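Following our numbering, the numbering of the sequence shown begins with 115 at its first residue and continues without gaps. In this text, a Cβ means the ideal position worked out from N, Cα and C, and glycines have one as well. Predicted model only: the values in this text are computed from it and were never measured.
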Amino acid sequence: MIYSTEAVVLKSNPYGEADLIVTYFTKDYGLLNLFAKSPRKIKSRFGSSFEPLTYAKIAFVGNNEKLQKIIQSDIIHSFHPIRENYHVFMAVGEVLRFLLMIIPRKEPHEELFSLFISSLEFIEKEKKTENALLSLKIKSLRILGYLPDFKHCGKCKDKLNGEFFYSDGFILCKKCISSHSKLILSQGAAKLLNDINGWQLKYLSRVKIAPQLFRELEEFIKKHIQSILSYN
Ligand SMILES: [Zn+2]
């Protein structure tokens with residue numbers, strides 16, 4: 115059976131002498147590791163389509179219990195300018211590692227896939243990388259159901275009154291917080307997080323996010339991902 119889907123290369127690792135294992139974020143199968151037989155020997159056929167961020171229409175074969183083999187890769191968009199800019203590519207790389215950790219394997223995630231593609235297109239065109247990556251992280255967490263409830267305490271379920279104490283994956287009220295949980299999200303940061311979820315990408319090219327709020331959200335997301343990963 116031949117499978118085909120749209121996909122973006124998240125990473126590729128050498129396998130043996132001349133082969134590659136390519137990790138894709140695919141539109142129809144979520145995260146997928148595929149085997150590329152001697153890509154260096156058949157350059158003319160695949161071009162540079164195994165570079166990270168390459169967006170391609172791919173076809174692959176094999177039993178889905180095993181490592182399947184790529185038989186075709188037609189580049190839709192290379193995102194070459196993003197790879198060429200060292201700082202932008204390093205920043206995007208951090209998000210690729212984040213996506214590698216949280217996207218489920220072999221399940222379709224069309225909404226997340228199209229968010230990912232449109233975020234890369236935005237970064238290539240608008241250059242507002244920081245804003246786009248923050249929004250991509252927050253929206254990815256929401257789409258995958260990992261964003262905590264900011265309306266009610268994660269423990270006692272009481273309504274939260276503008277105080278957001280974060281602990282082990284949940285937002286808690288003041289009563290429920292234990293002394294060792296130190297991360298407190300300001301009202302501004304909590305509101306911004308909620309706002310970003312509703313913003314269209316084009317709005318990100320106009321908006322200026324205060325550095326303090328930006329740092330708060332970055333730290334919150336980092337801690338939250340650690341919690342998610344420790345539960346999974
Ligand atoms: Zn509570």
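I'd like to confirm something about residue i: is its beta-carbon nearer than 8 Å to some heavy atom of ligand 1, or not?
{"i": "L286", "result": "yes"}
{"i": "D263", "result": "no"}
{"i": "D272", "result": "yes"}
{"i": "K269", "result": "yes"}
{"i": "K289", "result": "yes"}
For residue i, which beta-bridge partners are listed by DSSP?
{"i": "G144", "result": "T140 and R219"}
{"i": "D133", "result": "Y129"}
{"i": "L261", "result": "The partner list for L261 (beta bridge, DSSP) is empty, contrary to what the question assumes."}
{"i": "H266", "result": "K273"}
Which residues mark the beginning and the end of the alpha helix (DSSP H) in which residue i is found?
{"i": "K253", "result": "T243 to I257"}
{"i": "L307", "result": "Q301 to G312"}
{"i": "I291", "result": "That residue, I291, is in no alpha helix (DSSP H); it is neither H nor E in DSSP."}
{"i": "F279", "result": "Not the alpha helix (DSSP H): F279 falls in the beta strand (DSSP E), residues F278 to S281."}
{"i": "F174", "result": "Element bounds for F174: not the alpha helix (DSSP H) but the beta strand (DSSP E), Y169 to V175."}
{"i": "V233", "result": "The identity of residue 233 in the sequence shown is Ser, whereas the question assumes Val. E224 to E240 is the extent of the alpha helix (DSSP H) around S233."}
Note the first and the last residue of the continuous beta strand (DSSP E) segment covering residue i.
{"i": "Y117", "result": "I116 to Y129"}
{"i": "D188", "result": "Q182 to H191"}
{"i": "S344", "result": "S344 -> not in any beta strand (DSSP E); alpha helix (DSSP H) instead, spanning P325 to Y345."}
Cα separation between residue i and residue j?
{"i": "I342", "j": "Y143", "result": "22 Å"}
{"i": "S281", "j": "G268", "result": "9 Å"}
{"i": "L146", "j": "T168", "result": "15 Å"}
{"i": "E221", "j": "F174", "result": "16 Å"}
{"i": "R256", "j": "I310", "result": "11 Å"}
{"i": "E277", "j": "H223", "result": "33 Å"}
{"i": "L327", "j": "S344", "result": "26 Å"}
{"i": "N127", "j": "S152", "result": "12 Å"}
{"i": "A205", "j": "K305", "result": "24 Å"}
{"i": "S158", "j": "I339", "result": "Its pLDDT being 46, under 50, S158 is placed unreliably by the model, and nothing is read from it."}
{"i": "K336", "j": "G259", "result": "16 Å"}
{"i": "G130", "j": "F149", "result": "11 Å"}
{"i": "V136", "j": "N275", "result": "47 Å"}
{"i": "F230", "j": "E244", "result": "14 Å"}
{"i": "G283", "j": "K289", "result": "17 Å"}
{"i": "K239", "j": "S232", "result": "10 Å"}
{"i": "A132", "j": "N178", "result": "23 Å"}
{"i": "S228", "j": "F212", "result": "17 Å"}
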